[in-house]
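Asks:
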Amino acid sequence: MMEFETVIGLEVHAQLKTASKIFCGCSTKFGAAPNTNVCPVCLGMPGVLPVLNRRVVEFAMRMALATNCQINRRNQFARKNYFYPDLPKGYQISQFELPIAEHGWIEISVGGGSKKIGITRIHMEEDAGKLVHDEREPVSYVDLNRTGTPLIEIVSEPDLRSPEEAAAYLRKLHAILRYLDICDGNMQEGSFRCDANISLRPKGSSGFGTRTELKNMNSFRNVQRALEYEERRQRDILLDGGEVEQATLLWDAARNVTVAMRDKEEAHDYRYFPDPDLVPVVIDEAWIEQVRAGLPELPDDRRQRFIDQLGLPAEDAGVLTADKEIADYFEAGLAHYDQPKKLANWVMTEVLRVVREEDIELADFPVAPTELAALLAMIDKGTISGKIAKTVFEEMRATGKDAAAIVREKNLVQVSDEGELLALVREILAENPAQVEQYRAGKTKVMGFFVGQLMKKTRGKANPRLANELFARELGG
């Protein structure tokens, strides 16, 4: 049977976090009433002239530097011509032959290894509006609030060889954008969306097969699932002796299939030409260095610092730095609790569990990092046990109260009085002679049974370390 190799390239659109649009002063705020954040410029009225937002150029430069791209000292806007109801001018202002940046790369981690993925180009452009389709009658409404919202498009080289690699690449780009604070990354609101090109070729071949394009996917999971489906579909066609037809597809998440949108348009259909209303953008070395000096610590650097300076395992450091908010939360807690590994375990298991289960932003998580640090300090001091700490944590997130108040109100202080516990230990041993004989016969796992009985009698408040010591002493072990 013939073997195939998958070839994937991604085009990512990231909405920039500017207060105003790319060529006018209208607000970019999401959620406004339809057609209220508009003016003659973004409505495409005759005789108006666009004025470039300098902040957009700086944000694009930040992304270019963070992804090892070469910044073109002279770049130019072009008109991308097509007709659609949400495009009032009849063209979109984008960049074509002279983008702001080219020839970059980022590194992804997949399957325990790392791989460099090339970036062909980054260019600036304006967004179009959107159509709102009425479900009750065959009518569509046009909302032009989004028209003119600044975007950067990040185009990868066809270096991705699996849907898993594609998802890892997208997560890495998303993290970099969030660390740079130039895109909020909100995929539900369309701030970060992706078009994916996928084709198959015979293994060992250097040419490219016929590709299909998956449009406007806005979740990592859907991108991976759509590419996996399309990979299987194309392979089945080729193995049956058929030919893959070049097309633009949409992903139907409810049915888990791709559906045809239209025949693929080629780039020349857009009739690009330099925008006559906008002069070329000239970037000097001083401006580049100014932007470079303002770059924050990026995900890979932060991950390496967590490994080198905090002694965290590489896997833990990767989880904690995958999202800037998680890393910030962890470091805020670390300022009040000096045991990185213990804190990392709680953040990765308890905090992230709640965030994912409730589908909330970390900013909305009710337990502040300082309060989590205070809870872990209570475990270290012996005030509460690790088991009780889990109960206290759940109460903290439910009520917003701090750990000390909950422990005090519910009388959860750990029992560490040796005399009190010793009396209970002797009582348990007297009640369970068969288990005592098993332990003395070498079945030391019975110790767990004894400690469990003590926890029942103390409602989980016995100091587990002291409990084990007392049982061992009384059993002569």
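Numbering-wise (numbering that gives the first Met the number 0), the sequence shown opens with residue 0 and increments by one.
Note that beta-carbon positions come from the ideal geometry of N, C-alpha and C, so glycine has one too.
(1) For the pair the region 68-79 and the region 187-198, tell me if three or more CB-CB distances fall below 8 Å.
(2) Using a Cβ-Cβ cutoff of less than 8 Å, which residues in the same chain neighbour I175 once the five nearest sequence positions on both sides are dropped?
(3) Which class does M1 belong to by DSSP, given the choice of helix, strand or coil?
(4) Is the CB-CB distance between G147 and C41 below 7 Å?
(5) Would you say A440 lies against chain D (beta-carbon separation less than 7 Å)?
(6) Run the CB neighbour count on E264, radius 10 Å, all protein chains shown included, and call it buried at 16 or more, exposed below.
(7) Among the residues of its own chain, which have a CB less than 7 Å from the CB of G482, if the five just before and after it don't count?
(8) Within this structure, are the beta carbons of L294 and P149 separated by less than 7 Å?
(9) DSSP state of Y178, grouped into three classes?
(10) Could I get the ranges of all uninterrupted beta strand (DSSP E) runs contained in the region 95-140, with 3 residues as the minimum, in chain order?
(11) Report the three-state DSSP secondary structure of I7 (helix, strand or coil).
(12) Does the region 90-98 come close enough to the region 205-217 to have 3 or more Cβ pairs within less than 8 Å?
(13) Is the region 280-290 in contact with the region 247-255, if contact means three or more CB pairs nearer than 8 Å?
(14) To the nearest angstrom, report how far apart K114 and A18 are at their CA atoms.
(15) In chain order, which continuous runs of the alpha helix (DSSP H) of length 4 or greater are located wholly inside the region 226-280?
(16) Starting from D379, trace the alpha helix (DSSP H) in both directions and tell me its first and last residue.
(17) In its own chain, which residues sit with a C-beta less than 7 Å from the C-beta of A266, not counting the 5 before and 5 after it?
(18) From the DSSP output, in three-state form, read off L319 for me.
(19) Mind checking which residues open and close the alpha helix (DSSP H) that includes T66?
(20) Return the CA-CA distance between K442 and N467, expressed in angstroms with no decimal places.
(21) State whether the region 420-436 contacts the region 384-403, with contact taken as three or more CB pairs (one from each stretch) at a distance under 8 Å.
(22) What residues in its chain sit with their C-beta under 6 Å from that of R270, if we drop five residues either side in the sequence?
(23) Take K323 as the anchor and find which of K341, A440 and D183 has the nearest alpha-carbon.
(24) Tell me which residues share the same chain as Y90 and place their Cβ nearer than 8 Å to its Cβ, disregarding the 5 neighbours each side in the sequence.
(25) On the premise that P33 lies in contact with N144, defined as a C-beta separation below 8 Å, what is that separation, rounded to the nearest angstrom?
(26) Smallest Cα separation from R472: which of K460, T457, L420 and M454?
(27) State buried or exposed for K28, treating a residue as buried only when at least 16 other CB atoms are found within 10 Å of its CB.
(28) For I153, write down the residues that DSSP places opposite it in a beta bridge.
(29) Would E394 and I383 qualify as a contact pair, given that the criterion is a beta-carbon distance under 7 Å?
(30) Buried or exposed: C38, going by 16 or more other Cβ atoms within 10 Å of its Cβ?
(31) V281: which of V47, G30, L51 and E4 sits nearest, CA to CA?
(32) Can you tell me which of the three DSSP states Q91 falls into?
(33) Short check: CB of L371 to CB of A343, under 7 Å?
(34) Which runs of the alpha helix (DSSP H) spanning at least 4 residues fall entirely within the region 314-358, listed in chain order?
(35) DSSP three-state call for P201: helix, strand or coil?
(36) For R220, name the three-state secondary structure that DSSP assigns.
Replies: Result, derived from the coordinates:
(1) no
(2) Numbered from its first residue, the sequence shown carries residue 175 at position 176. Within the same chain, I175 has close Cβ partners M62, A65, T66, I105, L297 and P298.
(3) Mapped onto the sequence shown, residue 1 falls at position 2. Correct three-state label for M1: coil.
(4) Residue 147 sits at position 148 when you count from the first residue of the sequence shown. Residue 41 sits at position 42 when you count from the first residue of the sequence shown. Taking 7 Å as the Cβ cut-off, G147 and C41 qualify as a contacting pair.
(5) Note that chain D does not occur in the displayed structure, where there is just one protein chain.
(6) For this step, residue 264 is matched to residue 265 along the sequence shown. For E264, the pLDDT reaches just 48, beneath the cut-off of 50, and the residue's location in the model is therefore unreliable, although a value from the coordinates is still provided. It counts as exposed.
(7) No answer is possible for residue 482: the residues shown for the chain start at 0 and end at 476.
(8) Against the sequence shown, residue 294 aligns to sequence position 295. Against the sequence shown, residue 149 aligns to sequence position 150. Contact flag unset, no.
(9) Reading the sequence shown from its first residue, position 179 is the one you call residue 178. In the three-state reduction of the DSSP assignment, Y178 falls in the helix class, which pools H, G and I.
(10) 100-109, 112-125 and 129-132
(11) Counting from 1 along the sequence shown, the entry for residue 7 is found at position 8. I7: strand per DSSP, three-state reduction.
(12) no
(13) no
(14) The sequence position of residue 114 within the sequence shown is 115, counting from 1. The sequence position of residue 18 within the sequence shown is 19, counting from 1. The straight-line gap from Cα to Cα measures roughly 36 Å.
(15) none
(16) In the sequence shown, residue 379 corresponds to position 380, counting from 1. D379 -> alpha helix (DSSP H) spans P368 to D379.
(17) As a first step, residue 266 is located in the sequence shown; it is residue number 267 there, counting from the start. Confidence in A266 is poor, its pLDDT being 46 and thus under 50, which makes the residue's placement too unreliable to answer from.
(18) On the sequence shown, position 320 is the one that residue 319 refers to. Here L319 sits in helix by DSSP.
(19) Position 67 of the sequence shown holds residue 66. Where T66 is concerned, there is no enclosing alpha helix (DSSP H), given that its DSSP letter is neither H nor E.
(20) Counted from its first residue, the sequence shown places residue 442 at position 443. Counted from its first residue, the sequence shown places residue 467 at position 468. Going from the Cα of K442 to the Cα of N467 covers about 15 Å.
(21) no
(22) Residue numbering aside, residue 270 sits at position 271 when the sequence shown is read from its first letter. Spatial neighbours of R270 in its own chain (CB-CB distance under 6 Å, excluding positions within 5 residues in sequence) are listed in chain order as N80.
(23) On the sequence shown, residue 323 is found 324 positions in, with the first residue counted as 1. K323 has its Cα closest to that of D183, out of K341, A440 and D183.
(24) If you number the sequence shown from 1, residue 90 lands on position 91. Hits under 8 Å: R78, K79, N80 and Y81.
(25) Against the sequence shown, residue 144 aligns to sequence position 145. Against the sequence shown, residue 33 aligns to sequence position 34. Correct: roughly 6 Å between the Cβ atoms.
(26) Locating residue 472 in the sequence shown gives position 473, counting from the first residue. For the residues K460, T457, L420 and M454, the minimum Cα distance to R472 belongs to L420.
(27) Stepping through the sequence shown from its first residue, residue 28 is reached at position 29. Classification for K28: exposed.
(28) Counting from 1 along the sequence shown, the entry for residue 153 is found at position 154. Partner(s): V11 and I121.
(29) Residue 394 sits at position 395 when you count from the first residue of the sequence shown. Residue 383 sits at position 384 when you count from the first residue of the sequence shown. Result no, Cβ atoms of E394 and I383 do not sit closer than 7 Å.
(30) Counting from one through the sequence shown, the residue named residue 38 turns up at place 39. C38 should be labelled exposed.
(31) Position 282 of the sequence shown holds residue 281. For the residues V47, G30, L51 and E4, the minimum Cα distance to V281 belongs to L51.
(32) The residue given as residue 91 occupies position 92 in the sequence shown. Q91 falls in the strand class under three-state DSSP.
(33) For the purposes of this step, residue 371 is taken as residue 372 along the sequence shown, with counting starting at 1. For the purposes of this step, residue 343 is taken as residue 344 along the sequence shown, with counting starting at 1. Not closer than 7 Å, so no.
(34) 323-333, 339-345 and 351-357
(35) Here the question's residue 201 lines up with position 202 in the sequence shown. Three-state DSSP puts P201 in a strand.
(36) By 1-based counting over the sequence shown, the position of residue 220 is 221. The answer is helix: DSSP assigns R220 an H, G or I state.
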